[in-house]
Amino acid sequence: MKISARNVLKGTIAEIVKGATTSHVRIDIGGGAIVTASITNEAVADLKLEKGKQAYAVVKASDVMVGID
1 MKISARNVLK GTIAEIVKGA TTSHVRIDIG GGAIVTASIT NEAVADLKLE KGKQAYAVVK
61 ASDVMVGID
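full-length UniProt numbering numbers the first residue of the sequence shown as 1 and each following residue consecutively.
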């Protein structure tokens, strides 16, 4: 896979929660960190995503926000 995004995190699908039109895909990237992506149900089907399968979280963003308590 070759893409322009520099933030590619390899992991294992921990959970897929399907809604009416979108799914939340939780990817375990190790060290106790989970990345959650919201994608269409059609994309989940096209990629044949399922729990336990390896996947990549690809982060492409122009802004990063930081918050504190």
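Beta carbons are placed, not taken as given, at the ideal position from N, Cα and C, and that holds for glycine.
What you are looking at is a predicted structure, and each value in this text was computed from that prediction instead of being measured.
- Distance check between residue 12 and each of 21, 22, 43 and 55 places 55 closest, using alpha-carbon atoms only.
- Distance from the Cα of residue 4 is smallest, within the candidate group 24, 59 and 34, for 59.
- For residue 55, there is no enclosing alpha helix (DSSP H); the enclosing beta strand (DSSP E) has its first and last residue at 54–59.
- Between residue 25 and residue 49, the C-beta gap is smaller than 9 angstroms, which places the two residues in contact.
- Taking the Cα positions, residue 31 is about 27 angstroms away from residue 43.
- Under the rule that a run must span 4 or more residues, the alpha helix (DSSP H) segments found entirely inside the UniProt domain "Mop" (2–68) read 41–46.
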